[in-house]
Amino acid sequence: MIRLQSNKHYTEHLPIRDIALPKELVVPLVQHIGKVCDPVVKVGDVVGVGQLIGDSDAFISAPVHSPVSGKVKAIRPAPHPIFGRAPAVVIENDGEDRLGYETRDLSLEEALRLDKAEIVRQVRSAGIVGLGGATFPSHVKLQPKKAVDTLVVNAAECEPYITSDLRLFLEKTDEVFAGIRIAMYVLGVNRAVIGVEDHNHELITHLRRYLAERSIKDVEVKVLPSYYPQGGEKQLIKNALGREVPLGGLPADVGVVVHNVGTLFAIYEAVLRGKPLYERVATVSGDGVDEPANVRVRVGMAFSWILDQCGGIKDSVVKVILGGPMMGFSVPTLDVPAIKGTGAILALTDKSTYYSDEWECCIRCGRCVDRCPMGLMPADMSLALERDRVDLAKEYGLMDCIECGVCTYVCPAKRPIVQWIKKGKFLERSRGKR
Amino acid sequence: MSKQLVITSSPHIRDKETISRIMWWVVISLIPAGISAVWVFGLPALYLIVACVVSAVLTELACQKVMGRPVRIGDGSAVITGLLLAYNVSAGLPLWMAVLGSVFAIAIGKQVFGGLGRNIFNPALVGRAFLMASFPAYMTRFYVWKDGALVSQATPLTVVKMGGVPAVTYKTLFLGNYAGCIGETSVLALLIGALILLWRGYISLHTPLSYIGTVALMTWIFGGKAGWFSGDWLFHILSGGLMLGAWFMATDMVTSPITKKGQVAFGIGCGLITSILRLWGGLPEGVSYSILIMNAFVPYLDNLFRPRRLGERRRWI
Chain A
1071 MIRLQSNKHY
1081 TEHLPIRDIA
1091 LPKELVVPLV
1101 QHIGKVCDPV
1111 VKVGDVVGVG
1121 QLIGDSDAFI
1131 SAPVHSPVSG
1141 KVKAIRPAPH
1151 PIFGRAPAVV
1161 IENDGEDRLG
1171 YETRDLSLEE
1181 ALRLDKAEIV
1191 RQVRSAGIVG
1201 LGGATFPSHV
1211 KLQPKKAVDT
1221 LVVNAAECEP
1231 YITSDLRLFL
1241 EKTDEVFAGI
1251 RIAMYVLGVN
1261 RAVIGVEDHN
1271 HELITHLRRY
1281 LAERSIKDVE
1291 VKVLPSYYPQ
1301 GGEKQLIKNA
1311 LGREVPLGGL
1321 PADVGVVVHN
1331 VGTLFAIYEA
1341 VLRGKPLYER
1351 VATVSGDGVD
1361 EPANVRVRVG
1371 MAFSWILDQC
1381 GGIKDSVVKV
1391 ILGGPMMGFS
1401 VPTLDVPAIK
1411 GTGAILALTD
1421 KSTYYSDEWE
1431 CCIRCGRCVD
1441 RCPMGLMPAD
1451 MSLALERDRV
1461 DLAKEYGLMD
1471 CIECGVCTYV
1481 CPAKRPIVQW
1491 IKKGKFLERS
1501 RGKR
Chain B
223 MSKQLVITSS
233 PHIRDKETIS
243 RIMWWVVISL
253 IPAGISAVWV
263 FGLPALYLIV
273 ACVVSAVLTE
283 LACQKVMGRP
293 VRIGDGSAVI
303 TGLLLAYNVS
313 AGLPLWMAVL
323 GSVFAIAIGK
333 QVFGGLGRNI
343 FNPALVGRAF
353 LMASFPAYMT
363 RFYVWKDGAL
373 VSQATPLTVV
383 KMGGVPAVTY
393 KTLFLGNYAG
403 CIGETSVLAL
413 LIGALILLWR
423 GYISLHTPLS
433 YIGTVALMTW
443 IFGGKAGWFS
453 GDWLFHILSG
463 GLMLGAWFMA
473 TDMVTSPITK
483 KGQVAFGIGC
493 GLITSILRLW
503 GGLPEGVSYS
513 ILIMNAFVPY
523 LDNLFRPRRL
533 GERRRWI
């Protein structure tokens, strides 16, 4: 666990705002962990906002919806912020914002009388995935294989710069709480714990007042020290509840399910309003952005478009990142579209980002070992992986690594430890498949 | 034309710490002991320090050139080896011997293993062991600086080994104005340097306290003439190379355990061996050999004391 310069001052006080819609949107058919969707529309089809355009019958997958109304211009591989290229549906926006899904107006009480399986089905068909960044399909996490007793709401937002969950929770408290209620109902739990980092004074005060005014007893706010990676699922469960997820296990093994603030808001929208997930709040920030902002982005909007709506980027920008600076993905081109997991778009100049490819030999200073939030030995793993010794690295905890990047951040030799670990895990997994 | 962007794996930000910053801070932390060395042992100490540092750096340069490795003499690590070797010899050691030791320390103690980070044994102590084996007479004859000349004098530990009673007070031992290796005598100067390292976070108390504590305990129990539990433990921890070894050499990142529990075990091991050598061994002092011996156990200690993983059910440690 380490302290990072939060850099949230750029956007933490800025209300969420809408931005103009582009003429053309490129909607990838894979925006989640799991199976790639097949298109369910053809070139030339006219679609409405929120209309289903891609789906899959796999359990671990999530459908994709049109973010605008207009015409399907093409279905082809297109730049993808994480995978490089991936199949996508290109939609020409007709500017009418005509709805292509059936809206609802349920009260929370009405929603809580729905059949649980029906809610899970709605969450799935709304295409909801974990919006903290991992993009794991949420309907899977609403039906754990073991009995659970607690919902943990991840409002830690431990990555620097990102303030989208903070702003969403502040501005849409009722809605997020409705999402919490629905998740608690479906999971059959009577306790929820909201994990918030202690620097979020405004949110903590706000939530405490909210709970007190409504005499809510079954939801509590747990203030956590501002350490990275406080929002890591296992770290959050440990620090908020004192429970340890067994190695290789899932939160449900200790009676817990974790959902992120943005995800719970999306669940509210899907169940109470019938709205599929085609837009989300993203923080656009960094020292390379002229007007940092918290904006509502629709999936399929090009990064270049979104950045232009925030005043554009400076010439000195060297890296543009999807997500936070610790775990985010640097994108090769601004043509890539926003996807469901886009909690932040950062444009960083070389003053605020690191990209040297030079490193030195490990001097065994132990900084990584002392700080690894999983209790692994990154130094030894890096020495093994430098020589492609995946077998050795496994003994030091390769497969238990959460790829938070702390080891690499603190390394005085600037060794790309996480990069090697990702490669090692990939080699190990593909070896298992063959 | 679309904008050219850099793509790298995460994380995209890094801490400011670098190897050379760590190494140069260690150099700074060794300066007080150097000043003390010149104060107690006069100009010969200064010549030794300069000779060792310069020859260490030049040897490093030569090795890196010959072996086709990137030249990294600016990182300060060879300076540390040179300083520590100089601090580990007597003021009367001829300069050419010191240079030879320095060359051996860097070439055989460090570069043969692959350079910084890859050596198993503390290079400065490898150099010292080489000198002890090659020139034992010069390495064990000690001096103090009096009226512009070196005057031969036995170290307090040697006096004890011979069965005598050393004529030094605790205060003298603390300030360092007595015969010994040039950088080891002033506990005060060494502690100032240790505080710098602690403040910078480059060492923790685990190794030094377990090391010094073990020596104190062992010498208190077994070190007295009036039976068990009568030893002068304070004399033992203030004299000889213990402070220099415990704070600056047993804490060497490259050659000590990476985990905190491993460091405690390492310190206890060093303390046991040092005490055994001092109390029952043939030599008056045992700090450098104890650290070298424990260096060999580091991989084993790291394995034995690896941290508990989050969610791991375990096990006795």
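Note that the protein sequences, when read in sequence, are chains A and B.
Going by my numbering, the first sequence opens with residue 1071, and the numbers climb by one from there.
Going by my numbering, the second sequence opens with residue 223, and the numbers climb by one from there.
We put the beta carbon where it would ideally sit given N, CA and C, even for glycine.
A quick note: this is a predicted structure, and the numbers were derived from the prediction, not measured.
Over what stretch of residues does the beta strand (DSSP E) that includes residue i continue unbroken?
i	result
His1329/A	1326 to 1330
Ser1131/A	No beta strand (DSSP E) holds Ser1131/A; DSSP gives it neither H nor E.
Gly415/B	From DSSP, Gly415/B is part of no beta strand (DSSP E) but of the alpha helix (DSSP H) over 409 to 422.
Gly1140/A	1140 to 1150
Ser374/B	371 to 374
Name, in chain order, the residues that DSSP records as bridge partners for residue i.
i	result
Ala313/B	Its beta-bridge partners do not exist; DSSP assigns none.
Lys1492/A	BP columns for Lys1492/A are empty, so no partner.
Tyr1298/A	Ile1072/A
Gly1445/A	Looking at the DSSP assignment, Gly1445/A forms no beta bridge with any residue, so it has no partner.
Arg1419/A	One detail in the question is off: residue 1419/A reads as Thr in this sequence, not Arg. Note: Thr1419/A sits in a beta bridge opposite Val1387/A.
Glu1094/A	Glu1162/A
Phe1399/A	Leu1392/A
Val1293/A	Val1266/A
Asn1364/A	Thr1353/A
Pro1157/A	Pro1147/A
Val1199/A	Pro1207/A
Ala448/B	Answer is none; Ala448/B lacks a bridge partner.
Ala1414/A	Thr1353/A
In this structure, how does DSSP classify residue i when only helix, strand and coil are distinguished?
i	result
Thr436/B	helix
Arg1194/A	helix
Cys1481/A	coil
Gly290/B	coil
Ala401/B	coil
Arg1087/A	strand
Met223/B	At Met223/B, the pLDDT of 45 sits below 50, so the modelled position is not reliable; the number obtained from the coordinates is stated separately. The answer is coil: DSSP assigns Met223/B none of H, G, I, E or B.
Val1460/A	helix
Asp1427/A	coil
Asp1405/A	coil
Pro1214/A	coil
His1102/A	coil
Asp1108/A	strand
Which residue marks the beginning of the alpha helix (DSSP H) containing residue i, and which one marks its end?
i	result
Lys565/B	This structure cannot settle anything about residue 565/B, because the visible part of chain B is limited to 223 through 539.
Asn1224/A	Asn1224/A -> not in any alpha helix (DSSP H); beta strand (DSSP E) instead, spanning 1220 to 1225.
Ala487/B	482 to 502
Ser232/B	Segment: none, Ser232/B is in no alpha helix (DSSP H) and carries neither H nor E.
Leu1311/A	1303 to 1311
Trp246/B	241 to 263
Ile1250/A	1243 to 1257
Tyr1231/A	Run containing Tyr1231/A: none; DSSP gives neither H nor E here.
Ile459/B	455 to 460
Lys383/B	378 to 383
Glu1272/A	1271 to 1283
So, is residue i buried or exposed, given that buried needs 16 or more other C-beta atoms within 10 angstroms?
i	result
Thr303/B	buried
Lys1384/A	exposed
Lys1421/A	exposed
Thr473/B	buried
Lys238/B	exposed
Ala1454/A	buried
Tyr309/B	buried
Ser374/B	exposed
Tyr400/B	buried
Met223/B	Note that Met223/B scores a pLDDT of 45, beneath 50, so its modelled location is shaky and nothing firm can be said.
Lys1242/A	buried
Ala1187/A	exposed
Pro1275/A	For the record, residue 1275/A in the displayed sequence is Thr; it is not Pro. Per the 10 Å Cβ criterion, exposed.
Tyr1171/A	buried
Run the proximity test for residue i: is its beta-carbon closer than 6 Å to any non-hydrogen atom belonging to the ligand GTP?
i	result
Lys1345/A	Although the ligand GTP was asked about, the structure shown includes no ligands whatsoever.
If contact is defined by three or more beta carbon pairs under 8 Å, each pair taking one atom from either stretch, is the stretch 1120 to 1136 of chain A in contact with the stretch 1340 to 1356 of chain A?
yes
Tell me whether the stretch 496 to 514 of chain B and the stretch 1430 to 1450 of chain A touch, counting them as touching only if at least three CB pairs, one residue from each stretch, are closer than 8 Å.
no
If you pair each beta-carbon of the stretch 1407 to 1425 of chain A with each one of the stretch 1203 to 1217 of chain A, do three or more pairs fall below 8 Å?
yes
Three or more C-beta pairs closer than 8 Å, one from the stretch 410 to 429 of chain B and one from the stretch 335 to 346 of chain B: is that the case here?
no
At a cut of 8 Å, does the stretch 1289 to 1299 of chain A reach the stretch 1326 to 1338 of chain A through at least three beta carbon pairs?
no
Stretch pair the stretch 511 to 523 of chain B + the stretch 1481 to 1489 of chain A: three plus CB contacts closer than 8 Å
Touching, no.
Examine the Cβ distances between the stretch 1232 to 1247 of chain A and the stretch 1270 to 1289 of chain A and report whether three or more of them are shorter than 8 Å.
yes
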